[in-house]
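Per the numbering used here, residue 56 is the first one in the sequence shown, and the count goes up by one each step.
Positions of the beta carbon are idealized from the N, C-alpha and C atoms, including for glycine.
Here the structure is a predicted model, which means the values were calculated and not measured.
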Amino acid sequence: MSTTNEKGVAELASDELGNGEVPAPVSNYMFKMDMRIIPILGCTYTILFLDRTNIANARIEGLEKSLNMPPTGYNTLLWVFFLPFVLVEIPSNLLMGLPRVRPNIFLGINMLLLGIVSFCQGLTHSYGGLIALRFLMGIFEATLPAGAAFLIVEYYTRQEAALRFACFFCFGVLGPAVSGLLAYGIRNMDGIQDMEGWRWIFLIEGLLTVAISGLVFILVPDFPERTKILSKADKEHLLEKLQRDKGDQKLDLKSVNWVKVLTDYRIWFPTLMFFCCDMTAASMSSFIPTILLELGWKAAKAQVMSIPIWLTGLVFQILSGWISSRIGWRFPFILIGISMVTAGWIIQLIYSNNRGLSPAVRYFSLFAMSGGTFLQMSMTIAWMTNNLRGRASIAVGTAIILGLGNCANFVASNVFITKQAPFYPTGFRTALGLTLAGAAICLIFVALLYVHNQKLDRKRRDQGESAIDAQLEYRYQY
Numbered sequence: 056m057s058t059t060n061e062k063g064v065a066e067l068a069s070d071e072l073g074n075g076e077v078p079a080p081v082s083n084y085m086f087k088m089d090m091r092i093i094p095i096l097g098c099t100y101t102i103l104f105l106d107r108t109n110i111a112n113a114r115i116e117g118l119e120k121s122l123n124m125p126p127t128g129y130n131t132l133l134w135v136f137f138l139p140f141v142l143v144e145i146p147s148n149l150l151m152g153l154p155r156v157r158p159n160i161f162l163g164i165n166m167l168l169l170g171i172v173s174f175c176q177g178l179t180h181s182y183g184g185l186i187a188l189r190f191l192m193g194i195f196e197a198t199l200p201a202g203a204a205f206l207i208v209e210y211y212t213r214q215e216a217a218l219r220f221a222c223f224f225c226f227g228v229l230g231p232a233v234s235g236l237l238a239y240g241i242r243n244m245d246g247i248q249d250m251e252g253w254r255w256i257f258l259i260e261g262l263l264t265v266a267i268s269g270l271v272f273i274l275v276p277d278f279p280e281r282t283k284i285l286s287k288a289d290k291e292h293l294l295e296k297l298q299r300d301k302g303d304q305k306l307d308l309k310s311v312n313w314v315k316v317l318t319d320y321r322i323w324f325p326t327l328m329f330f331c332c333d334m335t336a337a338s339m340s341s342f343i344p345t346i347l348l349e350l351g352w353k354a355a356k357a358q359v360m361s362i363p364i365w366l367t368g369l370v371f372q373i374l375s376g377w378i379s380s381r382i383g384w385r386f387p388f389i390l391i392g393i394s395m396v397t398a399g400w401i402i403q404l405i406y407s408n409n410r411g412l413s414p415a416v417r418y419f420s421l422f423a424m425s426g427g428t429f430l431q432m433s434m435t436i437a438w439m440t441n442n443l444r445g446r447a448s449i450a451v452g453t454a455i456i457l458g459l460g461n462c463a464n465f466v467a468s469n470v471f472i473t474k475q476a477p478f479y480p481t482g483f484r485t486a487l488g489l490t491l492a493g494a495a496i497c498l499i500f501v502a503l504l505y506v507h508n509q510k511l512d513r514k515r516r517d518q519g520e521s522a523i524d525a526q527l528e529y530r531y532q533y
């Protein structure tokens, strides 16, 4: 296992929470940070997934028929959302990282606009209008997950980040679960004010997004060097700890070596891994309600039966994040997640070739896919940020992995072909292939980090034990 300046980190007690070795002031401000940062940013992520997946719930409540959508209309609504989502994230994170920009204002405004647009989806009476609204949603939503991840990285050391990302992504897993529960209740509003039930899904969940945006304005803290949630002494301690762990965190766009940042393999390999695992997440978010319908449940029961699937992902994220934060390894957990997802896709593929497969077995496979997928997502982002230094690299890295990594949604929306339902052979084969590709990319990334660490070890030995240099002490984490 490779860590960063282990002696310094141990002295600062930055990687432990809740044990007797941590000095009281450190434990107190770490807890204060956790309670202030993770819940509010996590709530934004819950809302994002709620707004993203409510269209799947609206679909089984009659959206397509009501708007007279073409056969490929639903798939179009999915990819038109992710087109601006991918393009906006990098400039958005760079803008948020500038000295004059305050994260609470930046994230709050975008979330407010997202809620308004989401609400308007329930008022549209045309397929074209819904396409336009989905495009706008992609713009405003793009600023939020990458911005939230960026802010988390800014406050925590590499060792601390894994558990925080696991908690953060757990809020995302709650989004589809809450969406399914709300959709189950809201569907009973069908006919109120002469509006269909699917419209109420968008209206109520849009209003909820607007309400949460108010909390974002109030509760999201500034960057560590300007934060007001810590005392002066605690802030100085935090900044010293972060400096030792990750180096300079200031963002000066003029001094950034953009070629070096944009060609960094430590960004692109995790991004490819995230892309591969997000293929499963995108497929599940968009098609689980429909698959459950095809297993024989009615719309109301299908909404409820989707909830435990998402909660399984939450449990696996918390457990893996907690264990990983203590042993300092990331890639073994990612490989475990890939194995679970592979098993799930194999079951789905067998079903597409053998119609006699028990629905219970197919339902079970969704649990394996959920647990394995969301475990990978949080661990992959933590692993990437663990191996980046400097605010520019972190801003670009978190934007790229959540932007280009989400391009899997383009693939999912086009390979899960409506006319192939409920067997989706093209979708299942594509998803299985990408899952296996993710395993290969993970192993190559580990090998590259190992080789890089060996070079740093040799350089450290050549300089001699008396040479004290932050770069020589730095080691990439596995």
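Residue i in three-state terms, based on DSSP
{"i": "Lys287", "result": "helix"}
{"i": "Pro126", "result": "coil"}
{"i": "Arg513", "result": "helix"}
{"i": "Gln372", "result": "helix"}
{"i": "Val311", "result": "coil"}
{"i": "Lys474", "result": "helix"}
{"i": "Pro154", "result": "coil"}
{"i": "Glu196", "result": "helix"}
{"i": "Arg114", "result": "helix"}
{"i": "Thr367", "result": "helix"}
{"i": "His180", "result": "coil"}
{"i": "Tyr505", "result": "helix"}
{"i": "Gln543", "result": "What is shown of the chain runs 56 to 533, which leaves residue 543 out entirely."}
{"i": "Tyr533", "result": "coil"}
{"i": "Thr318", "result": "coil"}
{"i": "Leu132", "result": "helix"}
{"i": "Gly351", "result": "coil"}
{"i": "Ser147", "result": "helix"}
{"i": "Tyr100", "result": "helix"}
{"i": "Tyr479", "result": "coil"}
{"i": "Ser468", "result": "helix"}
{"i": "Ser361", "result": "coil"}
Contact belief for residue i with residue j at Cβ below 8 Å, rounded distance in angstroms
{"i": "Pro344", "j": "Asn112", "result": "6 Å"}
{"i": "Gly227", "j": "Leu162", "result": "With 8 Å as the limit, Gly227 and Leu162 do not qualify as a contact, their Cβ atoms being about 15 Å apart."}
{"i": "Ile95", "j": "Leu293", "result": "Rounded, the Cβ-Cβ distance is 18 Å, inconsistent with contact."}
{"i": "Met244", "j": "Trp253", "result": "Rounded, the Cβ-Cβ distance is 10 Å, inconsistent with contact."}
{"i": "Ser433", "j": "Gly376", "result": "6 Å"}
{"i": "Ser234", "j": "Leu105", "result": "5 Å"}
{"i": "Thr490", "j": "Val470", "result": "With a Cβ gap of about 13 Å, Thr490 and Val470 do not count as contacting."}
{"i": "Asn464", "j": "Leu133", "result": "6 Å"}
{"i": "Phe174", "j": "Leu258", "result": "6 Å"}
{"i": "Leu487", "j": "Ile401", "result": "7 Å"}
{"i": "Ile171", "j": "Val265", "result": "7 Å"}
Beta-carbon gap between residue i and residue j smaller than 9 Å
{"i": "Gly427", "j": "Val466", "result": "no"}
{"i": "Gly177", "j": "Gly261", "result": "yes"}
{"i": "Ile472", "j": "Thr326", "result": "no"}
{"i": "Ile436", "j": "Phe137", "result": "no"}
{"i": "Asn148", "j": "Phe272", "result": "no"}
{"i": "Phe500", "j": "Leu430", "result": "no"}
{"i": "Ile207", "j": "Ile102", "result": "no"}
{"i": "Leu503", "j": "Gln532", "result": "no"}
{"i": "Lys296", "j": "Thr212", "result": "yes"}
{"i": "Ala354", "j": "Ile115", "result": "yes"}
{"i": "Tyr406", "j": "Phe478", "result": "yes"}
{"i": "Ser425", "j": "Ala217", "result": "no"}
{"i": "Phe205", "j": "Ala454", "result": "yes"}
{"i": "Asn130", "j": "Ser468", "result": "yes"}
{"i": "Phe278", "j": "Tyr100", "result": "no"}
{"i": "Cys462", "j": "Leu369", "result": "no"}
{"i": "Ile322", "j": "Met250", "result": "no"}
{"i": "Met88", "j": "Tyr210", "result": "yes"}
Is it true that the stretch 489-497 meets the stretch 161-169, where meeting means three or more beta-carbon pairs spaced less than 8 Å apart? no
Going along the chain, which unbroken runs of the alpha helix (DSSP H) with 4 or more residues stay wholly within the stretch 247-281? 252-274
Using 8 Å as the threshold, is the stretch 185-200 in touch with the stretch 322-340, meaning 3 or more CB pairs across them? no
Is the stretch 149-163 touching the stretch 442-455 in the sense that three or more CB pairs, one from each, lie closer than 8 Å? yes
Could you tell me which whole alpha helix (DSSP H) segments of length 4 or greater appear in the stretch 203-246? 213-241
Quick check: the stretch 312-321 against the stretch 372-383, are there 3 or more CB pairs under 8 Å? no
Return the chain-ordered ranges of every alpha helix (DSSP H) run that is complete within the stretch 382-462 and spans a minimum of 4 residues. 386-408, 414-441, 446-458
For the structure I just gave you, are there three or more beta carbon pairs, one from the stretch 193-213 and one from the stretch 129-149, closer than 8 Å? yes
Counting pairs of Cβ atoms below 8 Å between the stretch 346-356 and the stretch 504-520, do you hit three or more? no
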